[in-house]
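Protein chains in written order, with the numbering used here: chain A, 95 to 320; chain B, 3 to 232.
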């Protein structure tokens, strides 16, 4: 520590003794749990230490861990080094690239595809219009035409929402054990059981087929699409 | 002799002072220099990050749109409708801001579906991450509520009639239907008070909800770490 630094630290010590913290003797040092993570050795880190001019930016980054709290025990801690890589920069660099790519993509879309955004006439309660929802609600729009209104409008959406919310438990209870006993464990994705896997695939197909039905406008069993 | 400290020494002293109050340096080191499993490099692990980027973009462009948008549906053409036209045609770069908000909303739904597909594919909703899956489903519902309420704001014909059908369906639901319709509609029929309420929901309630839920989502991710694919 240089002479100047020593003086500055001494001044801080003086502040700590006589300042607002004087009554308790010293400002308590706050510690976050280290979590026992193995970090990159200092030789592999960025050469930006506390005395570097860019260090304030790094301190700004600390807002992230302050908000997010201590990290829990992570898989990488127990993995051999050749199966892991450092977060910075190896894992970090694609994200700025992705961010710029997405901003450019929506910018280009707004520049060249205007017709989707065009407004119709100002709303008129007296006009009679058959509305069509956005594309991601088309399946629901089509599903409403399928039968009894109470079932299509309330029961089916409620079942879907509750099913999605409770999916981890459905997956755990509704298949794993039986599927494991029968040896059904490779479909539709490796390590998954055939029962809840099939349920998932059926659900996706239901949404996709209804969407295409609504888009195509084909009449099936007397029910018009779209 | 007066000693003038080098700026670098002042900075070091400030960092020391900060570190004594909160372990900033240690937090930065932990955030940046942790090791990540190699399997997390697969391209499909980035969809969640893309959703985050898009939501941030929606919040930013939404604030800019709110500088000019007028949530008033009285008269014909209504000020709400005219203000959206003004944003698109007259305001400097207004077409771009509205375009990014519009296309961002559509891309957001695509990215959320891809993110959910990834979480299903890698089985990441399993113990101990069930809670975070549920928070994610709530986030999906909030985003859908965003698009429902946002759809009405331009106050053109298709917005009006689509919302009319939505409110009709919601109002018909058993037990709480009437109450929900009164809350959403704000009057005997779909009119200016409805726009006022949809605007308030879209601009105040849902952003607060989405930020809170994203915060919980990310804290849980940080707690659990990245999931091992099955």
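Beta carbons: idealized from backbone N, C-alpha and C, even for Gly.
If you reduce the DSSP assignment to three classes, tell me which class residue i lands in.
i	result
residue 117 of chain A	Residue placement at residue 117 of chain A cannot be trusted, given a pLDDT of 43 that sits under 50; the coordinates are not used to answer.
residue 92 of chain B	coil
residue 133 of chain A	strand
residue 18 of chain B	helix
residue 228 of chain A	coil
residue 317 of chain A	strand
residue 156 of chain B	coil
residue 289 of chain B	Only positions 3 to 232 of chain B appear in this structure, which leaves residue 289 of chain B out of reach.
residue 175 of chain B	coil
residue 306 of chain A	helix
residue 123 of chain A	Because residue 123 of chain A carries a pLDDT of 45, less than 50, the predicted location of this residue cannot be relied on, and no value is offered for it.
residue 37 of chain B	strand
residue 195 of chain B	helix
residue 106 of chain A	Below a pLDDT of 50, predicted positions are generally treated as unreliable, and residue 106 of chain A, at 49, falls in that range; no measurement from the model is reported.
residue 76 of chain B	coil
residue 216 of chain A	strand
residue 300 of chain A	helix
residue 100 of chain B	helix
residue 211 of chain A	helix
residue 124 of chain B	coil
residue 238 of chain A	coil
Should residue i be counted as a contact of the ligand ZN given a C-beta to heavy atom distance under 8 Å?
i	result
residue 72 of chain B	This structure does not include the ligand ZN; it has no bound ligands of any sort.
Would you mind stating whether residue i and residue j have Cβ atoms separated by less than 9 Å?
i	j	result
residue 194 of chain A	residue 102 of chain B	no
residue 259 of chain A	residue 56 of chain B	no
residue 202 of chain A	residue 308 of chain A	no
residue 165 of chain A	residue 28 of chain B	no
residue 211 of chain A	residue 165 of chain B	no
residue 162 of chain B	residue 213 of chain A	no
residue 131 of chain A	residue 179 of chain A	no
residue 239 of chain A	residue 318 of chain A	yes
residue 234 of chain A	residue 219 of chain A	no
Find the residues of chain A that neighbour residue i, judging by a C-beta separation of less than 7 Å, and give them in chain order.
i	result
residue 27 of chain B	144
residue 136 of chain B	259
Chain B partners of residue i, CB-CB under 8 Å?
i	result
residue 166 of chain A	224, 225, 226, 227
residue 296 of chain A	Chain B residues near residue 296 of chain A: none, gap ~13 Å exceeds 8 Å.
Under DSSP, the alpha helix (DSSP H) around residue i begins and ends at which residues?
i	result
residue 150 of chain A	149-155
residue 251 of chain A	250-259
residue 204 of chain A	188-206
residue 209 of chain B	208-226
residue 169 of chain A	Where residue 169 of chain A is concerned, there is no enclosing alpha helix (DSSP H), given that its DSSP letter is neither H nor E.
residue 188 of chain B	Neither: residue 188 of chain B is in no alpha helix (DSSP H) and is coded neither H nor E.
residue 5 of chain B	First-last for residue 5 of chain B: undefined, no H or E at that position.
Between which two residues does the beta strand (DSSP E) containing residue i stretch?
i	result
residue 178 of chain A	178-180
Please list, in chain order, the chain A residues whose beta carbon lies closer than 9 Å to that of residue i.
i	result
residue 189 of chain B	Simply none; closest approach about 12 Å.
residue 64 of chain B	Result: empty, since nearest Cβ-Cβ is about 14 Å, beyond 9 Å.
residue 176 of chain B	244, 248
List the residues of chain B that residue i touches, going by C-beta distances under 9 Å, in chain order.
i	result
residue 254 of chain A	Going along chain B, no residue has its Cβ under 9 Å from residue 254 of chain A, so there is no contact; the nearest lies around 10 Å.
residue 305 of chain A	Result: empty, since nearest Cβ-Cβ is about 11 Å, beyond 9 Å.
residue 289 of chain A	Those within 9 Å of residue 289 of chain A in chain B number zero; the least Cβ separation is about 14 Å.
So residue i contacts chain B; which residues on that side make the cut at Cβ distance below 7 Å?
i	result
residue 215 of chain A	158, 159
residue 133 of chain A	31, 32, 35, 36
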